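J.: When the letters of the sequence shown are read in order and numbered with the numbering used here, they come out as residues 28 to 146.
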Amino acid sequence: LYDPRNEHDACGVGFIVNMKGVKSHQIVTDGLAVLENLTHRGAVGADPLMGDGAGVLVQLPDRFFREEMASQGVELPKPGHYAVGHVFMPRDPELQAHIEGIIAEVAQLEGQPLLGFRD
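1) Q135 CB to nearest chain C CB: under 8 Å?
2) Could you please give the first and the last residue of the uninterrupted alpha helix (DSSP H) stretch that includes F91?
3) Take F115 as the anchor and find which of G48, I130, L65 and V101 has the nearest alpha-carbon.
4) If you run the structure through DSSP and keep just helix, strand and coil, what is V133?
5) Hey, could you find the ends of the alpha helix (DSSP H) V55 is sitting in?
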């Protein structure tokens, strides 16, 4: 699923990891503390109408998505062999359907099976 064409630059980066791959909520908590301390990246609210694009990259919660998709009758591939997209959709059902169609079309063009959508 990795494609270097999807990479982007970041001007301020902090890493909090467990070197043995042990999952922990403390890693997320520590990551949020790092994010708060990266004021040099300009995240000082100079424009209250615009976000600074900063965020936290975390592992996919496989068990959560496996249970959610199973409730829709979808069996996920093994961990590391599927991706999840988070999309903020408009409230209008027709626009939602239109955007879902675009997402499905792009997934097909990229050779990726689309397993489903959820609210």
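Here a beta-carbon is modelled for each residue, glycine too, at the ideal position from N, C-alpha and C.
All values reported here derive from a predicted model rather than from experimental measurement.
T.: The answer reads as follows:
1) Going by chain labels, chain C is absent from the structure shown, which holds only one protein chain.
2) What you label residue 91 is simply residue 64 of the sequence shown in a count that begins at 1. D89 to A97 is the extent of the alpha helix (DSSP H) around F91.
3) The sequence position of residue 115 within the sequence shown is 88, counting from 1. Ranking G48, I130, L65 and V101 by Cα distance to F115 puts I130 first.
4) As a first step, residue 133 is located in the sequence shown; it is residue number 106 there, counting from the start. Looking at V133 - three-state DSSP - the assignment turns out to be helix.
5) For this step, residue 55 is matched to residue 28 along the sequence shown. Its alpha helix (DSSP H) spans residues H52 to E63.
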